[in-house]
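Residue numbers (my numbering): 10 to 189. Okay, so here's the structure we're looking at.
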């Protein structure tokens, strides 16, 4: 006897009212979450934790960083910055302190050198073949590496060749600014 259309509508309105109360009662921050990291400031703070210069490239505003930290790679301290390029691809930059050629091969695992990229300042970067995907990490389309100041500088990611060259150029300038 109580299964009327009016009771159905009242029940739906009561349910929607309860959902609205819960929705508006949950506090939310008015400020959107900012995932960008000021990698230059983090680099300045981290400099005292490592021996030798910590190289931080000066990139245009269209390049954003979502991670900047001191890490350990191949049992050595490493400065790591994850960049998002202007085309929303990513490039991970590693400066591995005190790394040699043998260690570089271990870090880059199954990649083979396939050529060189020489920048305007004369800095030569080795180009490595694409890596295959493993269960724990996504495939990375491109890799560059060079040695300077006794450290290995490694770029990996999915950015375009031009974006890799731009980041490598900025790194080469920063290396040249501190090199004797």
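We treat Cβ as the ideally placed atom computed from N, Cα and C, and that holds for glycine.
- Contact check for residue 84 against residue 169 fails: the beta carbons are separated by 8 Å or more.
- Annotation: the region 25-110 contains the following complete segments of the beta strand (DSSP E) (minimum length 3 residues), in chain order: 73-82, 85-93, 99-105.
- For the pair residue 59 and residue 106, the CB atoms are nearer than the 8 Å cut-off.
- Going by C-alpha positions, residue 111 is about 53 Å away from residue 36.
- About 5 Å separates the beta carbons of residue 75 and residue 44, which is inside the 8 Å limit, making them a contact pair.
- The beta-carbon distance between residue 138 and residue 114, rounded to whole angstroms, is 12 Å. This is too long to meet the 8 Å contact definition.
- Taking a 10 Å sphere around the C-beta of residue 100, we find 16 or more other C-beta atoms and assign the residue as buried.
- Annotation for residue 62: 56, 158, 187 place their beta carbon closer than 8 Å to its own, counting only its chain and skipping 5 residues before and after.
- Counting the other CB atoms within 10 Å of its CB gives residue 184 a total of 16 or more, which places it among the buried residues.
- Remark: C-beta atoms of residue 49 and residue 65 approach each other more closely than 8 Å.
- When rounded, the separation of the alpha-carbon atoms in residue 131 and residue 175 is 14 Å.
- CA-to-CA, the gap between residue 134 and residue 70 works out to about 24 Å.
- Between the alpha carbons of residue 19 and residue 38 lies a gap of roughly 33 Å.
- Taking C-beta separations shorter than 6 Å and ignoring five residues to either side along the sequence, the partners of residue 163 in its chain run 103, 154, following chain order.
- The straight-line gap separating the alpha-carbon atoms of residue 122 and residue 136 is approximately 6 Å.
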